[in-house]
Amino acid sequence: MNTNQTTDIDTLITEEFLLQTDNLTTTVKTNVQYSRTGELIISIITYSIIIILSIIGNVIVVTAICRVQRLRHPTNFILMSLAIADLLVTTTVMIPGFIYEIKHEWIFGRVFCNVWVANDITFCTASILHLVAVSFDRYVAIENPLKYKQKMTKHMIFIIIGFIWLISVLLSYGPVLLGVYSQSKTIGNLSDSKECGMRPNRIYSIISSSTSFYIPLIIILFLYGRIFITARKHSKELQKLENIVKRLHSNEKFVFENAKWNKNIKAIRTLGIVVGVFVVCWLPFFVMYLLLAYCDYQCVNSSVERYITWIGYANSFCNPVIYAFSN
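FYI, the numbering for the sequence shown is 3 to 329, going by our numbering.
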């Protein structure tokens, strides 16, 4: 075999190898493109369902409490304010975030990026703090039912609601718009104007996560624990009383008290479901939130970060759904 033939064979082998490599590269790129397209379709469907259900559910709650006379009692004013907070999460946070996910770039300008971040903190914090208020309301109703109406007046409820919104606004708009919360002074906290996200410094991460989640979670669990203990104690007392009444024939007063207690038990169960869903939705986010601040935002994949964030947002449609099924 001469040198020319050897060279031709080597050339053919090289060309064949390069062709196979190009085909393999094209196949990999195509598979990755299909994977990203499939992921985008799933995300669009999931996020759309969350947004639509959240809007419908919370609008129904607000409308029902405003229009139905018998629903206008102090406890339901807390639920209405909660529904408003969840509705604002949906309209001012989820919808811009949804568009951001589809476009893969921030199209609303750098200033509105900060407003979006501030809205996120404000309304999500308000939603969580309202659950503390609902837990406290149920705690007072179960622990001291005779003085409940004296303590939880309409005036007191409005003070609690006002305090919730004040804390939520102070925690967000001041630090975010002044730029003291972030790792840099860049508007939107990111150098690229087509990106928008929250990259808080460690001090703000600790303060905001404690105020928005960890302290409220501890309070909710404590109150619900006290409610559960008191409920079990009252149930045992009612059972003893029921046995006595059965021996002495029925009594209308006992029947009334028993029905009233059953109503409280139903409210406790509903609160338990709400608290459970709240923990499932928000705990992963706030664990990730602190983790990201201490690993310079390199330890969590962007897709994972996005999905965990939307699981937290999903809490805004879970609340009205739970209350609708329980009432």
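Glycine included, C-beta positions come from ideal geometry on N, C-alpha and C.
It should be emphasised that the depicted structure is a prediction, and the values quoted were computed from it without experimental measurement.
Straight across, the Cα-Cα distance linking Val95 with Ala316 is about 12 Å.
Remark: three or more beta-carbon pairs, one from each stretch, lie closer than 8 Å, so the segment 76-92 and the segment 50-67 are flagged as touching.
Distances from the alpha-carbon of Cys198 to those of Phe100, Ile52, Ile163, Cys68 put Phe100 closest. In terms of CA proximity to Gly40, Ile104 leads the group Ile104, Thr92, Phe288, Val70.
Exclusion of the five residues before and after Leu225 leaves Ser137, Phe138, Tyr141 as the residues of its chain whose Cβ lies within less than 7 Å of its Cβ. Following the DSSP letters along the chain, one finds Met154 in no alpha helix (DSSP H), marked with neither H nor E.
Leaving aside the five residues that flank Met290 on each side, the residues in its chain whose CB is nearer than 7 Å to its CB run, in chain order, Val302, Glu307, Ile310. Listed in chain order, the alpha helix (DSSP H) elements of length 4 or more contained wholly in the segment 87-134 are 97-105.
Cβ-Cβ distances below 8 Å link Ile324 to Thr272, Ile275, Val276, Val279 in the same chain, with the five nearest sequence neighbours on each side left out; the list follows chain order. For Pro218, DSSP records no beta bridge to any residue. Residues of the same chain with a CB within less than 7 Å of the CB of Glu107, apart from the 5 flanking positions on each side, are Lys196 in chain order. Per DSSP, Tyr183 is not a residue of any alpha helix (DSSP H), being assigned neither H nor E. Residue Leu173 holds the alpha-carbon nearest to the alpha-carbon of Ile123 among Leu173, Leu148, Pro76. Asn78 and Ala66 have their C-alpha atoms spaced approximately 10 Å apart. Boundaries of the alpha helix (DSSP H) harbouring Arg204: 204-211, taken from the DSSP string. By the criterion of a C-beta distance shorter than 7 Å, Thr232 is surrounded in its chain by Ile144, Glu145, once the five residues flanking it on both sides are discounted. Rounded to whole angstroms, Ile229 and Trp312 show a C-alpha spacing of 31 Å.
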